[in-house]
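Chains A and B supply the protein sequences, listed in that same order.
Letter by letter, the first sequence follows residues 1050 to 1063 in this note's numbering.
Letter by letter, the second sequence follows residues 19 to 275 in this note's numbering.
All C-beta atoms in this analysis are idealised placements derived from N, C-alpha and C, irrespective of residue type, glycine included.
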Amino acid sequence: KAKQASLMSFFSKK
Amino acid sequence: MFEARMAQAALLKKVLEAVKDLVTDANWDCTSAGISLQAMDSSHVSLVSLLMRKDGFDMYRCDRPISLGINIASMTKIMKCANNNDAVTLRAEDEGDTVVFTFESADQEKVSEFEMKLMDIDSEHLGIPEREHTATVKMPASEFHGICRDLSTIGETVQVSVTKEGVQFTASGDTGKGTITLRNNSSVDEESQQVVITMQEELSLSFALRYLNFFTKATALADSVTLSMTADLPLVVEYRIEDTGYIRYFLAPKIDD
């Protein structure tokens, strides 16, 4: 089953 | 002092419509270049990025950068008090804690003024690199809206596959499966009706329809929408606001466990 990824794992905090 | 006037309240109403389902509170970052907003939904799955450049306003003045912390629901309520054809002016003092909305009727016979308290919002700004994507699909915004709505009746997740044949949207659920395929039709005369697919290699990604349906609340802002995709990276859904800005949504993919 596909799991929803978080945006935080792709973009870094400024 | 920050002051910005736009000719039609309708535009700001549409922008709020496009943001309000995803974001509760947001900082409207005003600089001499224009107004921008970046905010994630509470579950950190999607992000909205808005840009309204100063040339989109009738009058624009921003003496120094200022962040207006705004509760989107409160602003939406205030903007409902404006007629679509009213001119709107936003005004805030540099050290103030309010923003003032002035609505002027087209015949200039009615002027309304609403003051709204600003909030201190601790927002996390994300650095989003501009990048080339493996595939892009430009299509009529209303078409994308319809596809997301229709496939939501079947399932919660849509698989978007881009191949040489076109772009395919598939959802499946307990009751069955739905597939919608669009082919490149860049030869159609009317640009807003075109489906234009660019692709470096075939790809297939899965996304939550719940968020895509939030994004399609921006449909009234633009004739077309562009989806930009790269394997295992967030989807970018962009609606251009005339020639003076955009609203972009980012959505993290669903990844096989």
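Check: Could you tell me whether any Cβ in chain A is nearer than 9 Å to the Cβ of residue 151/B?; Outcome: no
Check: Comparing the C-beta of residue 187/B with each C-beta of chain A, is any distance below 9 Å?; Outcome: no
Check: Mind pulling the beta strand (DSSP E) runs of 3 or more residues that sit fully within the region 106-179 of chain B?; Outcome: 116-122, 129-135 and 153-158
Check: What is the DSSP secondary structure of residue 89/B, reduced to helix, strand or coil?; Outcome: strand
Check: Where residue 1051/A and residue 272/B are concerned, what is the direct C-alpha to C-alpha distance, given to the nearest angstrom?; Outcome: 5 Å
Check: Can you check whether the CB of residue 180/B is closer than 9 Å to the CB of residue 157/B?; Outcome: no
Check: Is residue 251/B near residue 36/B, with beta carbons less than 9 Å apart?; Outcome: no
Check: Which partner residues does residue 74/B have in the DSSP bridge list?; Outcome: Its beta-bridge partners do not exist; DSSP assigns none.
Check: Can you check whether the CB of residue 223/B is closer than 9 Å to the CB of residue 200/B?; Outcome: no
Check: In the DSSP assignment, what residue or residues form a beta bridge with residue 229/B?; Outcome: Answer by DSSP bridge pairing: none, since residue 229/B is not bridged.
Check: I'd like to check one pair, residue 58/B with residue 64/B: are the Cβ atoms closer than 9 Å?; Outcome: yes
Check: From residue 243/B to residue 184/B, what distance separates their C-alpha atoms?; Outcome: 16 Å
Check: Residue 21/B and residue 77/B look like a contact to me (Cβ under 8 Å); what is the Cβ gap, rounded to whole Å?; Outcome: 7 Å
Check: What in chain A is Cβ-close to residue 247/B, meaning under 7 Å?; Outcome: The contacting residues do not exist; residue 247/B stays about 13 Å from chain A at best.
Check: Tell me whether residue 194/B is buried or exposed, calling it buried when 16 or more other Cβ atoms sit within 10 Å of its Cβ.; Outcome: exposed
Check: May I ask which residues mark the beginning and end of the beta strand (DSSP E) holding residue 21/B?; Outcome: 20-24
Check: With a threshold of 16 other CB atoms inside 10 Å of the CB of residue 56/B, please say whether the residue is buried or exposed.; Outcome: buried
Check: Check for me: the alpha helix (DSSP H) holding residue 256/B runs from which residue to which?; Outcome: Careful: residue 256/B lies outside any alpha helix (DSSP H), inside the beta strand (DSSP E) at 253-259.
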